[in-house]
Amino acid sequence: MHFAYLLSRLDSLRELKAAHAAAATTGFAFLRPAATITSLLQSVTLLRPLPPKALSLPYALSLFGSLPHPASTLAHNLLIRLLLSAAPSSPFSALRLFSRLRRLSLPPDLHSFPLALSASSRLRLLPLGRALHAQSLRFGFSRSLFLRNALISLYSSCAALIDAEHVFLEKNLAIDVVSYNTLIHGYANAGDINSARHLFDVMPHRDQISWGTVIAGYSRSGRCVDALRLFDEMQAVGFEPDNAALVSALSCCAQLGLLERGRAIHDRIGKAMNAHLLTALVDMYAKCGAINAAVNLFDECPCKNQFTWNAVIVGLAMHGHGVLSLEYFDKMQAAGVRPDGVTFLGVLVACSHSGFVEAARKFFGEMEAVHAVPRELKHYGCMSDLLGRAGFIGEAMEMIEGMPVKGDAYVWGGVLAGCRNHRGNMDVAEIAARHLLELNPGDSGVYLIVAGIYADAGRWADVARIRSSMDAMKVKRNVALSFVQQPWVMALSRRLLGAIRDNIQLHLGEKGRLKSGLKLVM
DNA sequence: GTAGGGTTAG
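Position 81 of the first sequence, counted from 1, bears residue number 83 in this note's numbering, the numbering being contiguous throughout.
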């Protein structure tokens with residue numbers, strides 16, 4: 003008991019190991035070896051801040067391994083908890099350890115099931131989660147609030163809202179603020195932001211996490227104005243926004259192009275940076291047109307991870323800085339950070355915007371073969387766009403024929419745009435148009451491009467035919483626009499809106515550069 | 001022991 007107390011006062015792995023050595027040399031550890039080792043294991047899991055997995059896990063595993071076989075339920079729980087909480091988290095290993103516990107017929111306790119459910123929840127393993135649910139009932143834990151919240155979390159993460167509600171509402175059983183927050187997240191996660199907001203409105207006590215959960219829900223469903231309104235409201239009622247709320251608010255600034263608002267949030271973050279915040283800031287600056295601010299901030303902050311690298315690579319790519327984007331891709335690998343599907347999307351966009359066809363073919367070939375990153379539809383779409391732009395229509399069609407899945411609007415849009423810009427084969431253009439209209443029947447853009455291709459070929463009868471079929475089908479022209487908030491743009495907006503009505507395509511840029519200006523495309 | 005956050009083409 004006293005040894006455990008001593009350990010609880012230590013706050014680093016080094017001190018724990020020193021205490022371990024002292025206990026061993028004084029012979030204390032030989033008196034009650036299992037208890038001593040378990041205390042040490044517990045202390046590792048309680049360290050704050052928790053050391054990274056690479057440091058804490060080997061020591062924890064050696065402690066676990068030195069326990070008399072088959073160790074205890076408590077020791078299993080502690081190691082599972084460490085596997086789930088140390089970065090990066092290892093939910094698979096956690097589940098393996100839980101199954102070892104069961105295999106060795108050690109009795110799972112009130113802590114074991116919430117841990118195993120948390121692992122299943124992170125891995126979205128709904129069937130396994132259901133099996134654990136059933137087992138936990140057989141062990142008589144149905145009234146445990148922790149267990150029930152873990153179940154709500156499982157079902158919420160897996161978008162099994164009926165089950166989540168069922169656990170939440172069950173006969174006379176207690177729920178708390180965690181139950182509410184978890185179900186709010188479940189609704190938002192399933193895209194039902196209105197139910198999330200309703201539950202938030204009716205819950206008896208809200209905490210910081212309740213606010214952050216709804217704000218994130220709004221942000222992720224594109225309701226950024228509502229998100230920022232709630233962000234202000236949370237502060238008005240006395241809650242300081244924590245990192246999660248700040249990240250969501252920044253994401254909304256990025257989506258809305260609110261550069262000044264984003265800057266103000268950056269100011270209040272100051273030096274308290276972490277990878278989540280840095281990613282959101284880099285993305286916000288990039289999306290608001292301030293790519294230099296994005297890159298400078300990225301360069302000067304050390305706390306980057308895969309997400310942050312992706313944000314800067316994609317940001318540079320979208321701004322047309324293909325060469326620089328690819329340089330950052332090299333730097334990412336040199337820094338030992340693994341690229342993923344988003345990285346390769348950025349890389350392919352960089353190639354596409356800079357016309358690097360050969361490089362794109364190389365990256366597209368290597369992403370699976372060398373980097374073990376699976377090709378997804380979005381990568382094919384990007385390749386189609388790139389090949390179409392460069393006039394390699396036949397190659398794009400071959401790629402599409404070899405795809406394991408059906409093409410989407412990006413894939414066929416790339417082909418059609420390629421045909422338009424390179425006087426492509428009319429049959430191919432018609433095939434692409436047919437696929438596009440199948441995907442989106444009222445798409446006026448498709449009709450207009452096809453009409454344009456016919457016009458280029460002088461086939462005026464076909465142009466007229468398409469125009470009249472558009473009229474017959476009442477196809478409306480759709481207007482797309484993107485904007486960046488800048489004072490001089492605000493002054494111009496009335497004129498620009500007039501321009502939209504006049505069907506004029508505008509590309510305005512500050513000092514002639516499109517990237518930091520405003521673009522309206524019909 | 002249970003709860004919320006970041007990057008994805010135009």
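Cβ coordinates follow ideal geometry from the N, Cα and C atoms, glycine included.
Asked                                                                                                                      : Found
DSSP state of Arg102 mapped onto helix, strand, coil                                                                       : helix
Beta-carbon proximity check, Arg157 vs Gly188, cutoff 8 Å                                                                  : One point to set straight first is that residue 157 is Tyr, not Arg, in the sequence displayed. A contact, by the Cβ cut-off of 8 Å.
Same chain, Cβ closer than 6 Å to Tyr456, neighbours up to 5 away in sequence not counted                                  : Asp464, Val465
Nonlocal neighbours in the same chain, by C-beta distance under 7 Å from Cys254, ignoring five residues either side        : Ser221, Cys226, Ala229, Leu230
Rounded straight-line distance, which links the Cα of Ala419 to that of Leu130                                             : 46 Å
Exposure of His168, with buried meaning 16 or more beta-carbon neighbours within 10 Å                                      : exposed
Selected residue, minimal CA-CA separation from Gly416, among Ser470, Asp209, Phe394                                       : Phe394
Start-to-end residues for the alpha helix (DSSP H) that takes in Ile433                                                    : 428-441
Boundaries of the alpha helix (DSSP H) in which Ile177 is found, first to last residue                                     : No alpha helix (DSSP H) holds Ile177; DSSP gives it neither H nor E.
Residue interval of the alpha helix (DSSP H) (run including Arg1)                                                          : Because the chain here runs from 3 to 524, residue 1 falls outside it and cannot be looked at.
Burial state of Asp387, where buried means 16 or more other Cβ atoms lie within 10 Å                                       : buried
Burial state of Phe331 (16 or more Cβ within 10 Å)                                                                         : buried
Leu248 versus Leu86: straight-line alpha-carbon distance, rounded                                                          : 25 Å
Ser64 to Ala118 span [Cα, whole Å]                                                                                         : 22 Å
Bounding residues of the alpha helix (DSSP H) (the contiguous stretch that carries Arg140)                                 : 128-140
Collapsed DSSP secondary structure at His168 in the structure displayed                                                    : helix
Counted within 10 angstroms of its Cβ, other Cβ atoms place Gly426 as buried (16 or more) or exposed                       : buried
CA nearest to the CA of His525, picked from Asn312, Lys289, Ala292                                                         : Given that the chain is displayed from residue 3 to residue 524, the structure contains no residue 525 and the question cannot be resolved.
Val325 burial status per 10 Å Cβ neighbour count (16 or more: buried)                                                      : exposed
Beta-carbon proximity check, Phe346 vs Phe358, cutoff 8 Å                                                                  : no
Length at least 3, wholly inside the region 247-322: the beta strand (DSSP E) runs in chain order                          : none
Simplified DSSP state of Val239, which is helix, strand or coil                                                            : coil
Residues near Lys380 by beta carbon distance below 8 Å, same chain, minus five either side                                 : Gly343, Leu347, Tyr412
Sequence-distant residues of the same chain with beta carbon closer than 7 Å to Asn245, five excluded per side             : Asn276, His278, Leu279
Nearest-angstrom beta carbon gap, Pro93 and Ala121 [assumed within contact, 8 Å]                                           : 4 Å
C-alpha distance - Gly240 paired with Arg208, whole-angstrom precision                                                     : 12 Å
Cβ-Cβ distance between Trp414 and Ala431 below 8 Å                                                                         : no
Under the three-state DSSP convention, the category Ser107 falls into                                                      : coil
Whole alpha helix (DSSP H) elements within the region 355-389, 4-residue minimum                                           : 359-371
Cut-off 7 Å between Cβ atoms - residues of its own chain near Glu235, not counting five sequence neighbours on either side : none
Where the alpha helix (DSSP H) containing Pro116 begins and where it ends                                                  : 114-124
Outcome for Ile164 when other beta-carbon atoms lying within 10 angstroms are tallied against a minimum of 16              : exposed
Short Cβ contact (8 Å threshold) for Leu69 with Ile82                                                                      : no
Nearest candidate by alpha-carbon position, reference Ala218, set Asn298, Met205, Ile186                                   : Ile186
Cβ neighbour criterion (16 or more within 10 Å) applied to Ala398                                                          : buried
Exposure of Leu153, with buried meaning 16 or more beta-carbon neighbours within 10 Å                                      : buried
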